[in-house]
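Q: Heads up, the sequence shown is in my numbering, so the first residue is 18 and it goes up one at a time.
Virtual Cβ for every residue (Gly too), placed ideally from N, Cα, C.
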Amino acid sequence: MNTSYQQQYSRLDYSFAEFLVERCHLQGEAKTQFRGLILELSAQQSAGHSCMQISAEAVALIQASGLAEPDQPAPLVVEAGRLYLHRYWQYETRLAGQLAALSRQGFPAVDCQPALDHYFPGQDAEPDWQKLAAQRALTQGLTIISGGPGTGKTTTVVKILALLQQFNQPSLHIALAAPTGKAAMRLQESIDNSKQHLPEQIRALIPSQVSTLHRLLGAKPPTPYFRHHADNPLPYDLLVVDESSMVDLALMSKLVDALKPGSRLILLGDKDQLASVESGAVLADLTQSLPGNTIELLKSHRFHAGIKQLADAVNQQHAATAWDLLTQPGSESGVALLAEEAVDYAVGQYRRYLALMASGAEFKAVFTEFSRFQVLCANQQGPNSVADINFRVEQQLSRLHNIHRQGAWYAGRPVMITANTPSLQLFNGDIGICLPDAESGQLKVFFPRGDGSSKKISPARLQTCQTVFAMTVHKSQGSEFEQVLIMLPEQLNPVLSKELLYTAITRAKQQVKIVADREVFIDCVNKSVQRLSGLAEKLALAQ
Ligand SMILES: Nc1ncnc2c1ncn2[C@@H]1O[C@H](COP(=O)(O)OP(=O)(O)OP(=O)(O)O)[C@@H](O)[C@H]1O
18 MNTSYQQQYS RLDYSFAEFL VERCHLQGEA KTQFRGLILE LSAQQSAGHS CMQISAEAVA
78 LIQASGLAEP DQPAPLVVEA GRLYLHRYWQ YETRLAGQLA ALSRQGFPAV DCQPALDHYF
138 PGQDAEPDWQ KLAAQRALTQ GLTIISGGPG TGKTTTVVKI LALLQQFNQP SLHIALAAPT
198 GKAAMRLQES IDNSKQHLPE QIRALIPSQV STLHRLLGAK PPTPYFRHHA DNPLPYDLLV
258 VDESSMVDLA LMSKLVDALK PGSRLILLGD KDQLASVESG AVLADLTQSL PGNTIELLKS
318 HRFHAGIKQL ADAVNQQHAA TAWDLLTQPG SESGVALLAE EAVDYAVGQY RRYLALMASG
378 AEFKAVFTEF SRFQVLCANQ QGPNSVADIN FRVEQQLSRL HNIHRQGAWY AGRPVMITAN
438 TPSLQLFNGD IGICLPDAES GQLKVFFPRG DGSSKKISPA RLQTCQTVFA MTVHKSQGSE
498 FEQVLIMLPE QLNPVLSKEL LYTAITRAKQ QVKIVADREV FIDCVNKSVQ RLSGLAEKLA
558 LAQ
């Protein structure tokens, strides 16, 4: 076993390995080797892999352990040289079977060519992939639309919903969902905008509410169970899920489990983004193994050209080109290395919303100004991390008298919720700002609601939140900002990858500034994260 890995094992990995070692049938050296394998499996699971590739020798060892009995409930499963925890193997196998069945499910074609031509007039000589996505979604049970920011995923899906409602009698019962509250709010806004172009009677048949997946499925915290499952399915004929790259294996399995037989599923997302925080890279696996159900939209209709160029160079691992784009003279490209000190720059940006707050502006205006700009860090701790930037920005704003700290809470403190708190209707990733409340004269934390209003909560009731002058790239998934400042660490570390950088860059609509050393940047672009899973293989076999 290599020592660099040993340092990465957590106490959970050790306790889990010990738990299985005590129950295995092995002795001596074999037992030690078994412990090493389980430690590694547990660590790989925490790193997001659904399973781990093992050697033929290790397969024999696992089989001899008595803890991977085929055809019997056992904690471990060995399949095609991959070692799984039984639970993940079950999620994967069940999901593959269900999605393969969904992908084969067909709906009778209707003569809707004139309507299709109306919604997708397409004058270009090149094929209209949005139209093709719609054609497929009209007759298929499963449609996956993958594309970067501004490629028209939401526009396309709204047209698909319009066509489906126009040609289905009775009309379909539709649900719209996203993995986080923030993503749900963004989808709701975009759907509302796209719906404006539809005829009144069709518009009324497309829902305005977008729910989080946890709310849709009926989360029962603190248990991992949901109210809706195969025996109590969701009542919808069609479910649309946005930001699907954020959905992990377990949640996707529970979601597909809860679909009513005969219903349709449309998944939207960007397969090139960071995979989910938890195990699996479900969207990437699906786009790879279900090409007949997948449409990739490549043309961006909104994205700043310079940002798209940089994002593409990073995604295609053209590291030198990406670096050249950042260092070329001229500011019109919208992407550049940051020329000044990072904290000075961030403070300059954040002083604008603090000035608005000081002038007595209402929460909505303050929040909109705050949300224009965001510092994104690769890491939670260490130089150039979230903790580092939050600390230094607060210090400097204090020095400049833009904030007045007398403890953790002060007027202007922006916070991000770090754990779902259903009792307060707050969810992981929600962002609010602490402001003086005119009614009570006390400090309250204000959060925006999907309908444009806000809610206020006493700071004392917020147990799980952190200051958010900086957030990790992982936490920024599902959000967009006009401008971002991306902070890479001073040295290469395991979190860095081209997927992380691509995700960070594509959060920005107008401007990307980056703080990075050339060597770290190049290494980051050259490193790609491959999540090990058997989902793609199982799906291909189940076809
Ligand atoms: N075929 C098209 N021709 C011209 N403009 C388009 C086309 N498709 C979409 N757009 C426009 O591009 C913009 C982005 O579209 P949309 O919001 O649907 O993209 P998206 O992929 O859902 O973006 P995001 O991932 O950021 O949510 C919108 O202003 C939309 O009106």
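Beta carbon of S318: closer than 8 Å to some heavy atom of ligand 1?
A: A small correction: the amino acid at residue 318 is His; Ser does not occupy that position in the sequence shown. True, at least one ligand heavy atom lies under 8 Å from that Cβ.
Q: From this set, V95, E536, R548 and V485, which residue's C-alpha is nearest E516's C-alpha?
A: If we check each option's Cα against that of E516, R548 comes out closest.
Q: If L314 and K170 are in contact, beta carbons under 8 Å, what's the gap, nearest whole angstrom?
A: Correct: roughly 6 Å between the Cβ atoms.
Q: Could you give the distance in angstroms between the alpha-carbon of R40 and the alpha-carbon of S306?
A: One C-alpha to the other measures close to 38 Å.
Q: Quick check on the burial criterion: 16 or more other C-beta atoms within 10 angstroms. Buried or exposed for Q23?
A: Per-residue confidence for Q23 stands at a pLDDT of 45, beneath the threshold of 50, marking its modelled position as unreliable; the derived number appears in the next sentence. So Q23 ends up on the exposed side.
Q: Looking at the secondary structure, which residues open and close the beta strand (DSSP E) in which F538 lies?
A: No beta strand (DSSP E) contains F538, which is instead part of the alpha helix (DSSP H) from R535 to N543.
Q: List the endpoints of the continuous alpha helix (DSSP H) containing A557.
A: First-last of the alpha helix (DSSP H) with A557: L552 to A559.
Q: Within 10 angstroms of the Cβ of P166, are there 16 or more other Cβ atoms? Answer buried if so, exposed if not.
A: Buried, because 16 or more other Cβ atoms sit within 10 Å of the Cβ of P166.
Q: May I ask you to report which of helix, strand or coil DSSP gives P308?
A: Reduced to three states, the DSSP call for P308 is helix.
Q: Under 8 Å, with one C-beta from each stretch per pair, do the region 370 to 381 and the region 350 to 360 reach the 3-pair mark?
A: In short, these stretches do not touch, since the Cβ pair count stays below three.
Q: Between S550, A559, N510 and P131, which lies nearest to N543 when the distance is taken from Cα to Cα?
A: N543 has its Cα closest to that of N510, out of S550, A559, N510 and P131.
Q: Does the region 492 to 502 touch the region 522 to 530, meaning 3 or more C-beta pairs lie closer than 8 Å?
A: Flag = yes, the region 522 to 530 and the region 492 to 502 touch.
Q: Give the C-beta separation of V257 and L276 to the nearest angstrom, bearing in mind that I take them to be a contact with Cβ-Cβ under 8 Å.
A: Contact doesn't hold; Cβ gap of about 12 Å is too wide.
Q: Shortest alpha-carbon distance to N401 belongs to which of T489, S440 and A425?
A: The candidate whose alpha carbon is nearest that of N401 is T489.
Q: Counting beta carbon pairs with one atom in the region 218 to 233 and one in the region 195 to 208, are three or more of them shorter than 8 Å?
A: They touch, by the three-pair rule.
Q: Is R99 helix, strand or coil by DSSP?
A: Three-state DSSP puts R99 in a strand.
Q: Name the two residues that bound the continuous beta strand (DSSP E) containing T489.
A: A487 to T489 is the span of the beta strand (DSSP E), which, as asked, contains T489.
Q: Who does E313 pair with in a DSSP beta bridge?
A: Beta-bridge pairing links E313 to S163.
Q: Give the range of the beta strand (DSSP E) segment to which Y483 is assigned.
A: It should be noted that the sequence gives Gln, not Tyr, for residue 483. Looking at the DSSP string, the run of the beta strand (DSSP E) that includes Q483 is C482 to T484.
Q: Measure from the alpha carbon of S59 to the alpha carbon of each residue in Y26, G467 and Y108, then state which is nearest.
A: It is Y26 whose Cα lies nearest to the Cα of S59.
Q: For T481, count neighbouring Cβ atoms within 10 angstroms of its own Cβ and tell me buried if that reaches 16, exposed if not.
A: By the 10 Å Cβ count, T481 comes out exposed.
Q: Mark R478 as exposed unless 16 or more other C-beta atoms lie within 10 angstroms of its C-beta, in which case mark it buried.
A: Classification of R478: exposed, given that the 10 Å Cβ count is below 16.
Q: Rounding to the nearest angstrom, what Cα-Cα distance links K555 and N396 in this structure?
A: Near 34 Å, if we compare the C-alpha coordinates of N396 and K555.
Q: Return the CA-CA distance between S514 and A487, expressed in angstroms with no decimal places.
A: In a straight line, the C-alpha of S514 is about 19 Å away from that of A487.
Q: Flag this pair as yes or no: are the beta carbons of P465 and A428 separated by less than 9 Å?
A: No. Outside cutoff.
Q: Are there three or more Cβ pairs, one per stretch, closer than 8 Å when the region 74 to 83 is compared with the region 238 to 248?
A: The region 74 to 83, when compared against the region 238 to 248, does not touch it at the 8 Å Cβ threshold.
Q: Check each candidate in Q442, L116, Y519 and G551 and name the one with the smallest Cα separation from K199.
A: Taking only the C-alpha atoms, the option nearest K199 is Q442.
Q: Is T173 near ligand 1, going by C-beta to nearest heavy atom under 8 Å?
A: Yes, ligand 1 has a heavy atom inside 8 Å of this Cβ.
Q: Shortest alpha-carbon distance to I434 belongs to which of I450, S120 and C129?
A: The residue with the shortest Cα to Cα distance from I434 is I450.
Q: Could you tell me the distance, in whole angstroms, from the CA atom of N407 to the CA atom of I503?
A: Rounded to whole angstroms, N407 to I503 spans 14 Å at the Cα level.
Q: Does the beta-carbon of A221 have 16 or more other beta-carbons within 10 angstroms, so that it is buried, or is it exposed?
A: It is exposed - the Cβ of A221 has fewer than 16 other Cβ atoms within 10 Å.
Q: By a C-beta neighbour count over all protein chains shown, 10 Å radius and 16 as the cutoff for buried, is Q381 buried or exposed?
A: It is Lys, not Gln, that sits at residue 381 in the sequence shown. So K381 ends up on the exposed side.
Q: Just to confirm, does T484 get its C-beta within under 8 Å of one of the non-hydrogen atoms of ligand 1?
A: No, the beta carbon of T484 sits no closer than 8 Å to any heavy atom of ligand 1.
Q: For the beta strand (DSSP E) holding F498, just list the boundary residues, first then last.
A: Element bounds for F498: F498 to M504.
Q: How would you write the range of the beta strand (DSSP E) that V432 sits in, first residue to last?
A: Counting along the chain, the beta strand (DSSP E) containing V432 begins and ends at P431 to I434.
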